[in-house]
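Here the structure is laid out as structure tokens; the discussion comes afterwards.
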Amino acid sequence: MNFKKFYFTITILLTFIIFIKEGQTNTLYETLEKVYTNSPLLKSNRLKLEAINEELSKAISKNRPEINIYGSIGVDNTTTINTSNVEKKTNNNPKSISLEVSQNLYDFGRTKSKIDIADAMIFAQRADLKHQEQKILIDATKTYLRLLAFIEINKLAKNNLLVLRKHYEATNNKFMVGEATSTDLSLAKARFLKARSDEIKSKGDIEKEKSKYFSVVGSEAPNKLIFPEERFALPLKLKEITRNTLKENPEIIASGFRKKTSFYKVSSEASQLLPSLDLNLTAQNAWAPNTFFDEYENYKMELSLKIPLYKGGYQHSSVRQKKKEALQNSRILDYNIKKALKESEILWIDLKSLEAQISSIEASIEANEMALQGVKKENELGSRTVLDVLDAEQVLLEEKVEIIKARRDKFETIFSLAAQMGRLSVESLNLQVKTYDYTKNYQSVKNLWLGFDE
Numbered sequence: 000m001n002f003k004k005f006y007f008t009i010t011i012l013l014t015f016i017i018f019i020k021e022g023q024t025n026t027l028y029e030t031l032e033k034v035y036t037n038s039p040l041l042k043s044n045r046l047k048l049e050a051i052n053e054e055l056s057k058a059i060s061k062n063r064p065e066i067n068i069y070g071s072i073g074v075d076n077t078t079t080i081n082t083s084n085v086e087k088k089t090n091n092n093p094k095s096i097s098l099e100v101s102q103n104l105y106d107f108g109r110t111k112s113k114i115d116i117a118d119a120m121i122f123a124q125r126a127d128l129k130h131q132e133q134k135i136l137i138d139a140t141k142t143y144l145r146l147l148a149f150i151e152i153n154k155l156a157k158n159n160l161l162v163l164r165k166h167y168e169a170t171n172n173k174f175m176v177g178e179a180t181s182t183d184l185s186l187a188k189a190r191f192l193k194a195r196s197d198e199i200k201s202k203g204d205i206e207k208e209k210s211k212y213f214s215v216v217g218s219e220a221p222n223k224l225i226f227p228e229e230r231f232a233l234p235l236k237l238k239e240i241t242r243n244t245l246k247e248n249p250e251i252i253a254s255g256f257r258k259k260t261s262f263y264k265v266s267s268e269a270s271q272l273l274p275s276l277d278l279n280l281t282a283q284n285a286w287a288p289n290t291f292f293d294e295y296e297n298y299k300m301e302l303s304l305k306i307p308l309y310k311g312g313y314q315h316s317s318v319r320q321k322k323k324e325a326l327q328n329s330r331i332l333d334y335n336i337k338k339a340l341k342e343s344e345i346l347w348i349d350l351k352s353l354e355a356q357i358s359s360i361e362a363s364i365e366a367n368e369m370a371l372q373g374v375k376k377e378n379e380l381g382s383r384t385v386l387d388v389l390d391a392e393q394v395l396l397e398e399k400v401e402i403i404k405a406r407r408d409k410f411e412t413i414f415s416l417a418a419q420m421g422r423l424s425v426e427s428l429n430l431q432v433k434t435y436d437y438t439k440n441y442q443s444v445k446n447l448w449l450g451f452d453e
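Residues in the sequence shown are numbered from 0 upward in steps of one, following numbering that gives the first Met the number 0.
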């Protein structure tokens, strides 16, 4: 008896858990929080940025001294024969230790160029990471909205199938008593079978989109989704959108910093042809360095000036090469500016078109619902055929599907347009996650003198 009670209790609990799980609703913004926190691609790009941050640390290190200790120990066996043909053998065990400190005093812009290059590379990578963040958020948004749209379309398809099944059964009953023709029956059956086909297809679309959801988000799709509210407002005029795109678009920013990087590299290569002034300090102690001394000490300080005169033309060739690369990156920046501005313009036009389309479809749905009711009444009175009713129902169904797709497309377009302006972020979406700090690792490593960890 106790076992039966226990079994019954467990069954009830499991049923309750399954019911709760199936009833869970996941919003778009909760999905975006998961993606932002867990995306392997995003984590990989953050590590890439942190690796590039080390370029600045390496560049700054050129301003710091180099310190080396050298030590040696050996065996020196010498045999000499003098003019009297007397042989003499000497055994010696020389040992030495020395400390060398070298500090560059002035390198005529070499180190500054390398620091400028590193900074530009870092800011370019930050823009790339921003672009990647936005892309992942957009991909997750599209997947969520498309899955939601397919679920809503499936609901319409199920309802349509139910209506047409009843209609087919009613027509069949009328046909059996002679109140409907075989044509009416065939039409009702054809529409019913078409509705069943559409319902099956809509189920398949849901399953495919659930697979895409898992690959993008990294977790199983929830059973219930809701259409999201808009959390930010876009500029109303195309001029404002264009201006914001030009200032904040991550691809434009990344290209701009890559252009800067390439011009800094021209300066860096040219600076290799300029002098370099170094201060060198040496302290050396040697024991039994040779057969003449038992101990030797030496302390030396010197200024070393290196003036490159000719390197076989290598450096001049390198400067010419970097100039070409700088011009190439300038052309890429020009292209990316034109591309981003044109994409923003197209998205803005699409958004306005979708807004007008949605208003039109909503009005059309209202009119077609009234028309359908009228056609049904006229059919009952005999002035309309079964085909007229089926056609009216099909038109209404198609428009309901279209309004779902149009609302989905509008929301996707809003997100894409926000991304073009660099505004699709954790802050603008008010996501409840810890934001990745672009500067934390940068600040911790740039002045780090020693250590393999931050």
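Here a beta-carbon is modelled for each residue, glycine too, at the ideal position from N, C-alpha and C. Model, not experiment: these values are computed from the prediction.
Taking all protein chains shown into account, do 16 or more other C-beta atoms lie within 10 angstroms of the C-beta of ILE68, making it buried, or fewer, making it exposed? Residue 68 sits at position 69 when you count from the first residue of the sequence shown. Label assigned to ILE68: exposed.
Assuming contact is defined by CB atoms lying nearer than 7 Å, are LYS33 and VAL216 in contact in what I supplied? As a working mapping, residue 33 is identified with position 34 in the sequence shown. As a working mapping, residue 216 is identified with position 217 in the sequence shown. Closer than 7 Å, so yes.
Answer with buried or exposed for GLY450, where buried requires no fewer than 16 other C-beta atoms within 10 angstroms of its C-beta. Stepping through the sequence shown from its first residue, residue 450 is reached at position 451. The residue in question, GLY450, is exposed, as its Cβ has fewer than 16 Cβ neighbours within 10 Å.
DSSP three-state label for GLN283, please. Position 284 of the sequence shown holds residue 283. Three-state result, GLN283: strand.
Residue burial classification, ASP293 (beta-carbon count within 10 angstroms, cutoff 16): On the sequence shown, residue 293 is found 294 positions in, with the first residue counted as 1. Exposed is the call here.
Cβ-based burial, VAL176 [other Cβ within 10 Å; buried from 16]: Here residue 176 is taken as the residue at index 177 of the sequence shown, counted from 1. Per the 10 Å Cβ criterion, exposed.
Between which two residues does the beta strand (DSSP E) holding GLY70 run? Mapped onto the sequence shown, residue 70 falls at position 71. Here the beta strand (DSSP E) through GLY70 covers 65 to 72.
Candidates GLN102, ARG45, GLU86: which alpha carbon is nearest GLU301's? In the sequence shown, counting from the first residue as 1, residue 301 sits at position 302. Among GLN102, ARG45, GLU86, the Cα nearest to that of GLU301 is on GLN102.
Which residues in the same chain as VAL74 place their Cβ atom closer than 7 Å to its Cβ, once the five residues preceding and following it in sequence are excluded? As a first step, residue 74 must be located in the sequence shown, where it is residue number 75. Hits under 7 Å: ASN92.
Examine chain C for any beta-carbon lying closer than 7 Å to the beta-carbon of THR281, and answer yes or no. Of the protein chains in this structure there is only one, and it is not chain C.
Is LYS236 helix, strand or coil when you go by DSSP? On the sequence shown, residue 236 is found 237 positions in, with the first residue counted as 1. Coil, per DSSP.
Local conformation of GLU247 per DSSP, three classes: Start at 1 with the first residue of the sequence shown, and residue 247 comes out as number 248. GLU247: helix per DSSP, three-state reduction.
Our contact map puts LEU245 next to GLN314 with C-beta atoms below 8 Å; I'd like the distance itself, whole angstroms only. Counted from its first residue, the sequence shown places residue 245 at position 246. Counted from its first residue, the sequence shown places residue 314 at position 315. Actually they do not touch by this definition, with Cβ atoms about 37 Å apart.
Please state whether the Cβ-Cβ distance between ALA282 and TYR295 is less than 7 Å. Here residue 282 refers to the residue found at position 283 of the sequence shown. Here residue 295 refers to the residue found at position 296 of the sequence shown. The answer is no: Cβ separation not under 7 Å.
Do the region 416 to 424 and the region 126 to 141 meet, that is, are 3 or more Cβ pairs less than 8 Å apart? A contact between stretches requires three or more CB pairs, one per stretch, nearer than 8 Å, and the region 416 to 424 meets this requirement with the region 126 to 141.
Can you tell me whether LEU165 is buried or exposed? The criterion is at least 16 other CB atoms within 10 Å of its CB, across all chains shown. In the sequence shown, the residue the question calls residue 165 occupies position 166. The sequence given here places Lys at residue 165; Leu does not occur at that position. By the 10 Å Cβ count, LYS165 comes out exposed.
Does the structure place the region 147 to 154 close enough to the region 396 to 411 that three or more beta carbon pairs sit under 8 Å? Segment contact: the region 396 to 411 against the region 147 to 154, three or more CB-CB distances shorter than 8 Å; contact assigned.
Spell out the partners DSSP gives ASN91 in its beta bridges. Working through the sequence shown from its first residue, we reach residue 91 at position 92. According to DSSP, which records beta bridges pairwise, ASN91 is partnered with ASP75.
Would you list the one or two residues that DSSP bridges to GLU86? Start at 1 with the first residue of the sequence shown, and residue 86 comes out as number 87. Beta-bridge pairing links GLU86 to ILE80.
Own chain partners of ASP436 with C-beta closer than 8 Å, once the 5 adjacent residues on each side are dropped: The residue you call residue 436 lines up with position 437 of the sequence shown. Here the set comprises nothing.
Would you kindly check if the distance between the Cβ of ASN25 and the Cβ of ARG230 is under 7 Å? As a working mapping, residue 230 is identified with position 231 in the sequence shown. As a working mapping, residue 25 is identified with position 26 in the sequence shown. A distance of 7 Å or more separates the beta carbons of ARG230 and ASN25.
Distance between PHE262 and LEU416 (C-alpha atoms, nearest Å): The residue labelled residue 416 in the question sits at position 417 within the sequence shown. The residue labelled residue 262 in the question sits at position 263 within the sequence shown. Cα-Cα distance, rounded: 32 Å.
One question on the structure: do LYS479 and LEU55 come within less than 7 Å of each other, judged by their Cβ atoms? Beyond the ends of the chain as shown, which are 0 and 453, falls residue 479; an answer cannot be given.
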